[in-house]
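Converting from the sequence shown to the working numbering requires adding 4 to each position, the first position being numbered 1.
Even for Gly, the Cβ is constructed at its ideal location relative to N, Cα and C.
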Amino acid sequence: MISNKYFVVLAAAGLAISGAAVAQTIPPIPQSSPVRTIPAGTQAILPSANFQAVAAGKSILTAASPGTLGVDGLPSIENAQAGNVAGLSYYCVQKKLVLGTSPIVAARTIAKRPDVQSDQFYSLGGKGLLQTAGGNVFDISTLPKDKRVMTCNDIIKKAQSFGGSSVVGH
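What follows is the structure in structure tokens.
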């Protein structure tokens with residue numbers, strides 16, 4: 005009869021051997037394509053292959069980009085058109101940055117508009133990219149969570165004004 009002490013040693017050795025066999029079958033991650041990082045305070049310029057709606061040479065602005073935020077620490081939503089607002093509304097609801105039925109109703113109402121469905125900025129809004137002046141977009145995911153919530157609340161209010169929704173609140 006094998007004592008408990010020997011059983012534990014044999015079981016551990018068996019697991020180690022089986023784990024080594026599994027580890028050998030997993031291919032290594034290729035090191036030839038490192039992940040590029042963007043230094044803080046700069047603008048990221050993505051090729052049009054990454055976002056088909058952003059014309060080549062346009063910038064994705066971040067919270068670290070100089071001059072992109074107002075004195076309240078929020079980006080301006082003034083230049084966001086109905087399609088972008090609809091996409092951002094969806095983004096805000098999906099990321100749970102706004103709660104309740106009012107944001108959902110506003111997002112669905114504005115998304116039904118024909119001009120929204122064909123707007124190139126609709127899909128960008130769904131990725132959290134806010135339309136800004138000059139055709140650039142601002143990535144709201146770079147904001148602190150409290151500022152994202154405030155921005156999303158403003159987006160929902162704008163969506164309600166575009167969509168003609170009579171639902172008010174958050």
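Cα-Cα separation, residue i to residue j
i	j	result
G130	A115	11 angstroms
M154	Q98	15 angstroms
I144	I160	14 angstroms
S127	V75	28 angstroms
Q135	Q124	11 angstroms
A90	A163	7 angstroms
K149	V102	11 angstroms
G156	S63	The residue asked about is misnamed: residue 156 is Cys in this sequence, not Gly. Their backbone Cα atoms lie some 21 angstroms apart in a straight line.
T105	P79	25 angstroms
A92	R117	First, the residue type needs correcting, since residue 92 is Leu and not Ala in the sequence shown. Cα to Cα, L92 sits roughly 15 angstroms from R117.
N140	T113	26 angstroms
R72	A84	As written in the sequence, residue 72 is Thr, which differs from the Arg given in the question. Near 14 angstroms, if we compare the C-alpha coordinates of A84 and T72.
A110	E82	18 angstroms
A137	Y95	21 angstroms
L65	K151	16 angstroms
K100	P70	28 angstroms
Q121	D158	21 angstroms
P107	F166	13 angstroms
Cβ-Cβ separation, residue j to residue i (assumed contact under 8 angstroms), whole Å
i	j	result
A67	L147	5 angstroms
D119	G87	7 angstroms
Residues that DSSP places opposite residue i in a beta bridge
i	result
V141	I64 and Q135
Residue i - containing alpha helix (DSSP H), residue span
i	result
T105	T105 to A115
N88	A86 to Q98
V120	P118 to Q121
G130	Q124 to G130
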